[in-house]
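K.L.:
The structure that follows is given in the form of structure tokens.
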Amino acid sequence: MKTIDEILAKYRDRSELIEILSEIQENFGYLSEENMRRIEQVLKIPLVEIYGVATFYASFKLRPAGRHTIKVCKGTACHVKKADTIQNCIEELLNVKDKETTEDGRFTLECVNCIGACAKAPNIMIDEEVFGELTKEKVEKILKDYKA
Amino acid sequence: MKKPTEVIDVEKGASELAGDRVTVGVATCGISAGAAATLSLLQEANLGMLVDPVGCSGACYNEPIVTVRKGGVFSIYSHVTRDAAGRLIECVRECKICDELFTATDLSEMEYYKKQQRLVMENCGIINPLKIEQYAARGGFAGLMEALYLEPKEVVEVVKESRLRGRGGAGFPTGMKWSFVVGKAGKKYVICNADEGDPGAFMNRIMLESDPFKVLEGVMIASYAIGADEAFIYMRLERPLSIKMVRKAISIMEEKGLLGENILGRTGFNLKIKVKRGAGAFVCGEETALMNSIMGQRGYPRPRPPFPAEKGLWDAPTVINNVDTMANVATIMKIGLDRYKKIGTEKSRGTKTVCLTGNIKRPGVIEVPFGITLGEIVYGIGGGTPDGTKLKAVQTGGPAGGCIPARLMDTPLDYETLTEAGAIMGSGGMVVMSDRDCVVDVAKYFMSFTQQESCGKCTPCREGTMRLLEILERLTEGTGTKEDIELARKLAIFVRDSSLCGLGQNAPNPILSTMRYFMDEYLRHVEEKTCPAGVCKSIIVYTITDKCIGCGNCVRVCPAGAISGKPKSKHAIDQVKCVKCGECYRNCAFKAIERNGSKN
Numbered sequence: 001m002k003t004i005d006e007i008l009a010k011y012r013d014r015s016e017l018i019e020i021l022s023e024i025q026e027n028f029g030y031l032s033e034e035n036m037r038r039i040e041q042v043l044k045i046p047l048v049e050i051y052g053v054a055t056f057y058a059s060f061k062l063r064p065a066g067r068h069t070i071k072v073c074k075g076t077a078c079h080v081k082k083a084d085t086i087q088n089c090i091e092e093l094l095n096v097k098d099k100e101t102t103e104d105g106r107f108t109l110e111c112v113n114c115i116g117a118c119a120k121a122p123n124i125m126i127d128e129e130v131f132g133e134l135t136k137e138k139v140e141k142i143l144k145d146y147k148a
Numbered sequence: 001m002k003k004p005t006e007v008i009d010v011e012k013g014a015s016e017l018a019g020d021r022v023t024v025g026v027a028t029c030g031i032s033a034g035a036a037a038t039l040s041l042l043q044e045a046n047l048g049m050l051v052d053p054v055g056c057s058g059a060c061y062n063e064p065i066v067t068v069r070k071g072g073v074f075s076i077y078s079h080v081t082r083d084a085a086g087r088l089i090e091c092v093r094e095c096k097i098c099d100e101l102f103t104a105t106d107l108s109e110m111e112y113y114k115k116q117q118r119l120v121m122e123n124c125g126i127i128n129p130l131k132i133e134q135y136a137a138r139g140g141f142a143g144l145m146e147a148l149y150l151e152p153k154e155v156v157e158v159v160k161e162s163r164l165r166g167r168g169g170a171g172f173p174t175g176m177k178w179s180f181v182v183g184k185a186g187k188k189y190v191i192c193n194a195d196e197g198d199p200g201a202f203m204n205r206i207m208l209e210s211d212p213f214k215v216l217e218g219v220m221i222a223s224y225a226i227g228a229d230e231a232f233i234y235m236r237l238e239r240p241l242s243i244k245m246v247r248k249a250i251s252i253m254e255e256k257g258l259l260g261e262n263i264l265g266r267t268g269f270n271l272k273i274k275v276k277r278g279a280g281a282f283v284c285g286e287e288t289a290l291m292n293s294i295m296g297q298r299g300y301p302r303p304r305p306p307f308p309a310e311k312g313l314w315d316a317p318t319v320i321n322n323v324d325t326m327a328n329v330a331t332i333m334k335i336g337l338d339r340y341k342k343i344g345t346e347k348s349r350g351t352k353t354v355c356l357t358g359n360i361k362r363p364g365v366i367e368v369p370f371g372i373t374l375g376e377i378v379y380g381i382g383g384g385t386p387d388g389t390k391l392k393a394v395q396t397g398g399p400a401g402g403c404i405p406a407r408l409m410d411t412p413l414d415y416e417t418l419t420e421a422g423a424i425m426g427s428g429g430m431v432v433m434s435d436r437d438c439v440v441d442v443a444k445y446f447m448s449f450t451q452q453e454s455c456g457k458c459t460p461c462r463e464g465t466m467r468l469l470e471i472l473e474r475l476t477e478g479t480g481t482k483e484d485i486e487l488a489r490k491l492a493i494f495v496r497d498s499s500l501c502g503l504g505q506n507a508p509n510p511i512l513s514t515m516r517y518f519m520d521e522y523l524r525h526v527e528e529k530t531c532p533a534g535v536c537k538s539i540i541v542y543t544i545t546d547k548c549i550g551c552g553n554c555v556r557v558c559p560a561g562a563i564s565g566k567p568k569s570k571h572a573i574d575q576v577k578c579v580k581c582g583e584c585y586r587n588c589a590f591k592a593i594e595r596n597g598s599k600n
């Protein structure tokens, strides 16, 4: 794992703020206040601007997330193919709601707009892997077998 | 000036494509169907022939798709999952056709492709997306070459004359957009908008995962035409594979000297293409918001004028085009105006990639000439709705679009006609709705989408979408009134006319178009407090009538265990346990189950 200063050393320009925040999040799992303050010190970007950007975009997390993120697709095709049922099923199995993390820190649940695999609706994406044509049974099996 | 063929080993690409070869489609939809496992099984099988990962041919319903060319015989196989791969491997070894998985000996034999015309997607699912040799062997970079023979101004004229219209949504003429920037002095930028955010649209993902060089070629032609030496591809975070493919494709082109300085020996043609990732904001598909995001700021839109052509990135003149538009530019330069002009209609020229999804037998990505009717797409290509259901409407254009009812399926696909019908072309998402989908629920779905994605800068959109959503929620929960419907209509028109950017201006379209064609369904939600499609669960009640003979079929199909009763006597539904899925209602052979008092 890289340290915050190693990440920041690559960047010079404030126009790269979104990339910077993305890389920090990929590395630490979320954007901590401490790390955002460090960006301010090193790159001389006002903290209010950093916080403004971090809160504008849906993918930035200000709290620690689980080891894996389950994204439930709520796109149109998934909606008409009953994505709600899939979401409810995951919520029940993991005992979490949208944007929450399981007690064991294994999964964070997130509903997202469209992951673009509409022809295989309903879909979920765990980290970067897409699972399609889901049923309750398939979801149960995927979550059970998924790496810890 | 050097030709691309001097830096790329075209012969190697051509012999790979024509020789013995197995391909596996490993774009995102293929992978979600298990194609990654299929690919590694085939690679490990030591078949003594090239095993190439390819992108998506668009027939997502058949994934995982494998093609085999051996000894001059070509065959396409469908649903080759991990379990089936072993049997296919056996057949390939024995030089036999694997009958159980066999689909066709050519794409043109499949019903799915008969009405399609593949120009932009010509390489998708055929070439290995990261083998530049194969791309060049299929005529790749010929368009760039044509452009470089011309003066930049002449390239703009060609695109103008082609009447290509922006494929991102609004359909603005691409050549005209470029001409605003031509001749302006100083730094200029090209942006390729790959922030594909419309739910139900994924043609850009397919292009970028299956043929990234074609899109990059289009970006190069655009940059050459307007004199930009820096271009950005703004990509959506939820498309991790596209991002990887584009980054790799750019580095391959840099290695070959197709990007960098004095490209192909042409003095003064310098270009750097950079990938910028978004971070999950739908509004960033709007061009002024997108530019703010590239500059590292909150993705707020701003009023236009000034348009990006005057004041774009860092106040420099900027041209922004969608992925599909860029791929079209490369195609037009390659096939020439004479051929291009013959495709499509007078006002909407060329082809359009369309994502066909929802309740349809053959979902996927298709490419059709403009002017084809919606019916030909839904029935001819898509095979109609699944058995036992009837087509109700086709939703086009995502959250900014509208629903076109089944009776208007002879509507031709073009920008003007769809707008007149109350929908829009948009990026080309087409979600098919059957009689089991409720239009009020779909309107509510889109409104909740735009309400969440409204950036909050202007009041009509921020407040208006919230109030509209509340009204729709009342309707679907059975507490709405007739006045609510009228109020929603008025408010929708107000939001449309007074919002700052395209997001708010188009947000009311789903409500307005469904009210235009399906007012009876809205009225039944308030007058009879029922949902004819059986979707709005909070207002539905299923009951069993005296017609019940106690066969027990409903007990077997009920997933919630909510039905009980003695054999051969009338059963009953436990309303607390009932999840209102409607399985009993659909499966009762004696029509003994009623929904909100109306008979099966």
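Protein chains in written order, with the working numbering: chain A, 1 to 148; chain B, 1 to 600. Note that beta-carbon positions come from the ideal geometry of N, C-alpha and C, so glycine has one too. Computed from a prediction, not measured in an experiment: that's the story for all the values here.
Less than 7 Å between C-beta atoms, sequence neighbours within five positions excluded: which residues of the same chain meet that for A35 (chain B)?
P.N.:
Taken in chain order, the residues that qualify are V24, G25, V26, E63 and P64.
K.L.:
Which word fits E33 (chain A), buried or exposed, when buried means at least 16 other C-beta atoms lie within 10 angstroms of its C-beta?
P.N.:
exposed
K.L.:
Could you name the residues of the same chain whose beta carbon sits closer than 8 Å to that of G260 (chain B), not counting the 5 residues immediately before and after it, in chain order?
P.N.:
Result list for G260 (chain B): E254, N270, L271 and K272, in chain order.
K.L.:
Give the list of continuous alpha helix (DSSP H) stretches no shorter than 4 residues that lie fully inside the region 531-580 of chain B.
P.N.:
Fully enclosed alpha helix (DSSP H) runs of 4 or longer: 553-557.
K.L.:
So with Cβ pairs under 9 Å, would you call V96 (chain A) a contact of chain B?
P.N.:
False, the Cβ-Cβ gap to chain B never drops below 9 Å.
K.L.:
Extract the residue ranges of the alpha helix (DSSP H) inside the region 202-251 of chain B, only unbroken runs of 4 or more that lie entirely within it.
P.N.:
203-210 and 212-226
K.L.:
Listed in chain order, which residues of the region 32-59 of chain A have Cβ atoms closer than 7 Å to some Cβ of chain B?
P.N.:
From the region 32-59 of chain A, only G52, V53, F56, Y57, A58 and S59 have a Cβ closer than 7 Å to chain B.
K.L.:
Does N27 (chain A) come within less than 9 Å of chain B when only Cβ atoms are used?
P.N.:
no
K.L.:
Residue range of the beta strand (DSSP E) that V439 (chain B) falls in?
P.N.:
Counted as a single uninterrupted DSSP element, the stretch harbouring V439 (chain B) is not any beta strand (DSSP E) but the alpha helix (DSSP H) occupying residues V439 to E453.
K.L.:
Can you look up F180 (chain B) in the DSSP assignment and give me helix, strand or coil?
P.N.:
coil
K.L.:
Chain A partners of C355 (chain B), CB-CB under 8 Å?
P.N.:
C118 and A119
K.L.:
So, using beta-carbon positions, are G383 (chain B) and R362 (chain B) closer together than 9 Å?
P.N.:
Yes, these two residues count as a Cβ contact at 9 Å.
K.L.:
Can the beta-carbon of A33 (chain B) be found closer than 9 Å to that of T81 (chain B)?
P.N.:
yes
K.L.:
Spell out whether any CB of chain B is found under 9 Å from the CB atom of H79 (chain A).
P.N.:
yes
K.L.:
Using 8 Å for Cβ pairs, my map puts K577 (chain B) next to G550 (chain B). What's the rounded Cβ distance?
P.N.:
No, K577 (chain B) and G550 (chain B) are not in contact; Cβ-Cβ is about 19 Å, not under 8 Å.
K.L.:
To the nearest angstrom, report how far apart T450 (chain B) and P399 (chain B) are at their CA atoms.
P.N.:
Across the structure, T450 (chain B) and P399 (chain B) are spaced so that their CA atoms are roughly 7 Å apart.
K.L.:
Is the separation between the beta-carbon of A507 (chain B) and that of L475 (chain B) shorter than 9 Å?
P.N.:
no
K.L.:
Run through DSSP, which three-state label would I124 (chain A) get?
P.N.:
strand
K.L.:
Going by alpha carbons, who is nearest to L241 (chain B) out of B:N553, B:R87, B:D229 and B:A194?
P.N.:
B:A194
K.L.:
Between the region 94-108 of chain A and the region 38-49 of chain A, can you find at least three pairs of beta-carbon atoms closer than 8 Å?
P.N.:
no
K.L.:
How is the beta strand (DSSP E) around G364 (chain B) delimited, first residue to last?
P.N.:
G364 to P369
K.L.:
Residues of chain A with CB closer than 7 Å to the CB of N359 (chain B), please, in chain order.
P.N.:
V80
K.L.:
Please go through the region 30-94 of chain B and give each complete beta strand (DSSP E) segment of 3 or more residues, from N-terminal end onward.
P.N.:
50-54, 66-70 and 73-77
K.L.:
Compare the beta carbon distance of G371 (chain B) and T345 (chain B) with 9 Å and say whether it is the shorter of the two.
P.N.:
yes
K.L.:
Considering just the uninterrupted stretch of the beta strand (DSSP E) at S15 (chain A), what are its terminal residues?
P.N.:
First-last for S15 (chain A): undefined, no H or E at that position.
K.L.:
Anything in chain B within Cβ reach of E16 (chain A), meaning under 8 Å, just list it in chain order.
P.N.:
G296
K.L.:
Between B:I335, B:S454, B:M326 and B:G197, which lies nearest to R298 (chain B) when the distance is taken from Cα to Cα?
P.N.:
Ranked by Cα distance from R298 (chain B), the options B:I335, B:S454, B:M326 and B:G197 are led by B:S454.
K.L.:
Below 7 Å between beta carbons is the criterion; list the residues of the region 67-101 of chain B that meet it against any residue of chain A, in chain order.
P.N.:
none
K.L.:
Go to F131 (chain A), then tell me how far its alpha helix (DSSP H) extends in each direction, as first and last residue.
P.N.:
Careful: F131 (chain A) lies outside any alpha helix (DSSP H), inside the beta strand (DSSP E) at E129 to F131.
K.L.:
Output needed for K256 (chain B): all residues of its chain with C-beta closer than 7 Å, excluding positions within five of it in sequence on either side, in chain order.
P.N.:
The answer, listed in chain order, is V7, I8 and I132.
K.L.:
Put N509 (chain B) into one of helix, strand or coil per three-state DSSP.
P.N.:
helix
K.L.:
Would I115 (chain A) count as contacting chain B if we go by Cβ distances under 9 Å?
P.N.:
It does; some Cβ of chain B falls within 9 Å.
K.L.:
Can you give the Cα-Cα distance for T360 (chain B) and D387 (chain B), rounded to whole angstroms?
P.N.:
Note on identity: in this sequence residue 360 (chain B) is Ile, with Thr being the wrong assignment. The straight-line gap from Cα to Cα measures roughly 9 Å.
K.L.:
Which residues does DSSP list as the beta-bridge partners of T353 (chain B)?
P.N.:
B:E367
K.L.:
Determine the DSSP secondary structure at G384 (chain B), reduced to helix, strand or coil.
P.N.:
coil
K.L.:
Ignoring anything shorter than 4 residues, give me the alpha helix (DSSP H) runs that lie fully in the region 60-97 of chain A, in order along the chain.
P.N.:
76-80 and 83-94
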